[in-house]
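Okay, structure first, notes after.
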Amino acid sequence: MTMIQVKFSTESSTLRESVKEALLYSFPALLVCLVLDFVGGSVLGKYFNVISQTFPMLLVIIPGLMDLRGNVFGAMASRFTTMLHLGKIQNIFDKEVTTNISIAMLGTKVPLLLLWFMGLFKVGNLRQAIIVLFIVITSAILIAVVLGYTAAMITVLPYKRGIDPDMIAAPVITSVSDLITIPSLVYLTLLYERHKWEFYLFSLVMFALLLVLIFNSRFQNEHRRVFSEIVFILTLLALIEGIAGGILEEYSKVIGAVVITAVMYPSLLDSLGNFGAIMAAKSSTKLHLGGMEEIKSLSTIYDIAALLSISPIEGVFTNVFALFIVVHVIHKSASLIPAFLITYPLMVLIALILGLLTAIVAYKLSLDPDNVAIPTVTTLTDVIGTVYVVILAKILLN
């Protein structure tokens, strides 16, 4: 198989080069992701009170579902980057890509059911829980197809143009995940409420699509290892995500009372996860290609400093976009949040350090960092980010 030569190196020789790379590649990707996130955020903000009244169970599992999809396909994008370096895939529709999508679909079902049971335990309404189960499984299959081939596209195409996919893939895939996760859940819920038979027909079509993908996959021993690692780590992380879901449901009235925090919620969690995921992906690639010696180089410090340098700009855009949506789309009053603008870079620094540490710990435990680091760091930042949003909402209420 022909290896594709690329122009970049995992070693950035100077801080200036790292900052330039962050500004040229990561910042535009993060900015695009921010815009995508606010589509989901505007939908959540618009229907937040409706969901909390009719299907409160969704509020318990939404953080976990958002993170589960971002985790799976962020890790998949990281694996695709490694496969590109090793010459295992060359185009978007390789058999290997289809197989990884099938693994992702099947591997998410165990943690998805765990999240569902946690929601059932929290809400205690079996009839509502069964409806929600149909909604989330149908949504999961649809999203897996979209995100799987998106992950392939945003790694293969940049790689062929000499751009490091690690700088853009994880943020884009997690943001596309959030872009379609919340709207798909909301609109599938509305479809069930208004057109039940059409909802059940659409669900059957999605199940048929799952079977077609599985039939066209090629499973080998290495795929079984990937599957077992994905199921193990995602099930463990789903338990942690339950904390974020419980907090969101517990303080839903507080967040709902401050609309701008409900609108910012998906984008804030995603942006923190994106920063952590970029660091995790870059660290994972370094570990695969050069081991711990590559991690100990100055380029790692430069990467952290470069990504941290763009965080204040990201924070300003986050607040401004949220303000625009609340005022012009939802037609509520809102303003800039000084407490957020000041503390957001600190939250990003925490995410970057977590991204580095999770990759190192996975490597030392003989686990593939591509499968572990991104899911772990995005889950941890979801919990931290949810607490952060609640604190911001309480500050604004006071």
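Numbering (this note's numbering), first residue to last: 1098 to 1495. Beta carbons: idealized from backbone N, C-alpha and C, even for Gly. Note that the structure is predicted; figures quoted are calculated from it, not measured.
### Task
Please look up how many angstroms separate the CB atoms of leucine 1223 and leucine 1230, rounded, as I've assumed it's under 8 Å.
No, leucine 1223 and leucine 1230 are not in contact; Cβ-Cβ is about 10 Å, not under 8 Å.
### Message
What residue range does the alpha helix (DSSP H) around histidine 1425 cover?
### Response
That run of the alpha helix (DSSP H) goes 1408–1425.
### Best match in Gly1204, Thr1179, Val1487, Phe1190 for proximity to isoleucine 1330 [C-alpha to C-alpha]
Of Gly1204, Thr1179, Val1487, Phe1190, the residue nearest in Cα terms is Gly1204.
### Message
So, for valine 1243: in the same chain, excluding its five sequence neighbours on each side, which residues have a beta-carbon less than 8 Å away from its beta-carbon?
### Response
Residues of the same chain with a CB within less than 8 Å of the CB of valine 1243, apart from the 5 flanking positions on each side, are Val1273, Ile1277 in chain order.
### Query
So the alpha helix (DSSP H) lysine 1429 belongs to, where does it begin and stop?
Counted as a single uninterrupted DSSP element, the stretch harbouring lysine 1429 is not any alpha helix (DSSP H), since DSSP gives it neither H nor E.
### Task
Under 8 Å Cβ to Cβ from valine 1424, same chain only, skipping five residues before and after it: list those, please.
Taking C-beta separations shorter than 8 Å and ignoring five residues to either side along the sequence, the partners of valine 1424 in its chain run Ser1430, Ala1431, following chain order.
### Task
Taking alanine 1305 as the reference, give the member of His1385, Arg1322, Ile1234 with the closest Cα.
The shortest C-alpha separation from alanine 1305 is found at Ile1234.
### Query
By how many angstroms is the C-alpha of valine 1309 removed from the C-alpha of isoleucine 1488?
As the crow flies, the alpha-carbon of isoleucine 1488 is around 46 Å from that of valine 1309.
#### Entry: Exposure of valine 1132, with buried meaning 16 or more beta-carbon neighbours within 10 Å
Its Cβ having fewer than 16 others within 10 Å, valine 1132 is exposed.
### Query
If you run the structure through DSSP and keep just helix, strand and coil, what is glutamine 1317?
Residue state, collapsed to three classes: coil.
### Query
CB-CB under 6 Å to glycine 1452, same chain, minus the five flanking residues each way: which ones, in chain order?
So the list reads Gly1373, Met1376, Ala1377, Val1474, once near-sequence residues are dropped.
### Query
Which ranges would you report for the beta strand (DSSP E) in the stretch 1281–1311 if only whole runs of at least 3 residues count?
Listed in chain order, there is nothing to give.
#### Entry: Three-state secondary structure (DSSP) of threonine 1517
With the chain covering only 1098 through 1495, there is no way to say anything about residue 1517.
### Query
How many whole angstroms separate the CB atoms of serine 1381 and alanine 1456, which I take to be in contact at a CB cut-off of 8 Å?
Serine 1381 to alanine 1456, Cβ: 5 Å. Contact.
### As assigned by DSSP and simplified to three states, the class of valine 1229
Correct three-state label for valine 1229: helix.
### Message
Assuming asparagine 1495 is part of the alpha helix (DSSP H), what are its boundary residues?
### Response
Note, asparagine 1495: premise wrong, no alpha helix (DSSP H); not H, not E.
### Query
When the distance is taken between beta carbons, is alanine 1490 closer than 8 Å to valine 1351?
Against a cut-off of 8 Å, the Cβ pair of alanine 1490 and valine 1351 comes out as a contact.
### Pairwise C-alpha distance: glycine 1184 and lysine 1117
If you take the alpha carbons of lysine 1117 and glycine 1184, they lie about 28 Å apart.
### Task
Tell me, to the nearest whole angstrom, how far the beta carbon of arginine 1248 is from that of phenylalanine 1170; I am working on the premise that it is less than 8 Å.
In the sequence as displayed, the identity of residue 1248 is alanine instead of arginine. Rounded, the Cβ-Cβ distance is 5 Å, consistent with contact.
### Task
In the DSSP assignment, find the unbroken alpha helix (DSSP H) run with methionine 1444 in it and report its ends.
Counting along the chain, the alpha helix (DSSP H) containing methionine 1444 begins and ends at 1435–1461.
### Length of the line joining the Cα atoms of phenylalanine 1296 and isoleucine 1232
When rounded, the separation of the alpha-carbon atoms in phenylalanine 1296 and isoleucine 1232 is 9 Å.
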